[in-house]
Amino acid sequence: MEVRIAATTDLPSGKMIGSENSGKEILLANLNGKYYAIGDICTHAGCKLSEGTLNGEKVRCPCHGSTFDIRTGKVLRGPAENPEPSFNLRIEGDQIFVSL
Ligand code: FES
Numbered sequence: 003m004e005v006r007i008a009a010t011t012d013l014p015s016g017k018m019i020g021s022e023n024s025g026k027e028i029l030l031a032n033l034n035g036k037y038y039a040i041g042d043i044c045t046h047a048g049c050k051l052s053e054g055t056l057n058g059e060k061v062r063c064p065c066h067g068s069t070f071d072i073r074t075g076k077v078l079r080g081p082a083e084n085p086e087p088s089f090n091l092r093i094e095g096d097q098i099f100v101s102l
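Going letter by letter, the sequence shown gives residues 3 to 102 in our numbering.
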């Protein structure tokens, strides 16, 4: 299933936003003009990554500092051990769609 998640104008380069779609919490980020989406709920203890910080490709959880790669969902630094799911995106005009 594919749903519209945001407009490209909502998300300047270097920014991220969290959104909820069909029961899934998704973190969407713009990294140098490319868009990426991973799960927004930290796999450590459930904090929202969208309330953390984005530094290049690294998104840092506000609670205990786990760091994930926004491009893949991979854990770069614990305490989290499990990766975030990664979602495919499609851009059409200025609209961003995510495959759930
Ligand atoms: S909940 Fe994210 S690091 Fe603990």
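Ideal Cβ placement from N, Cα and C applies to all residues, glycine included.
Since we're looking at a predicted model, the values are computed, not measured.
A distance below 8 Å separates the beta carbons of S15 and G35. At the C-beta level, L29 and D42 come within 8 Å of one another. Inter-residue distance for G25 and G80 is about 26 Å (C-alpha atoms, whole angstroms). Judged by DSSP secondary structure, E59 falls outside any beta strand (DSSP E); it is assigned neither H nor E. Per the coordinates, the alpha-carbon of I93 lies some 32 Å from the alpha-carbon of C65.
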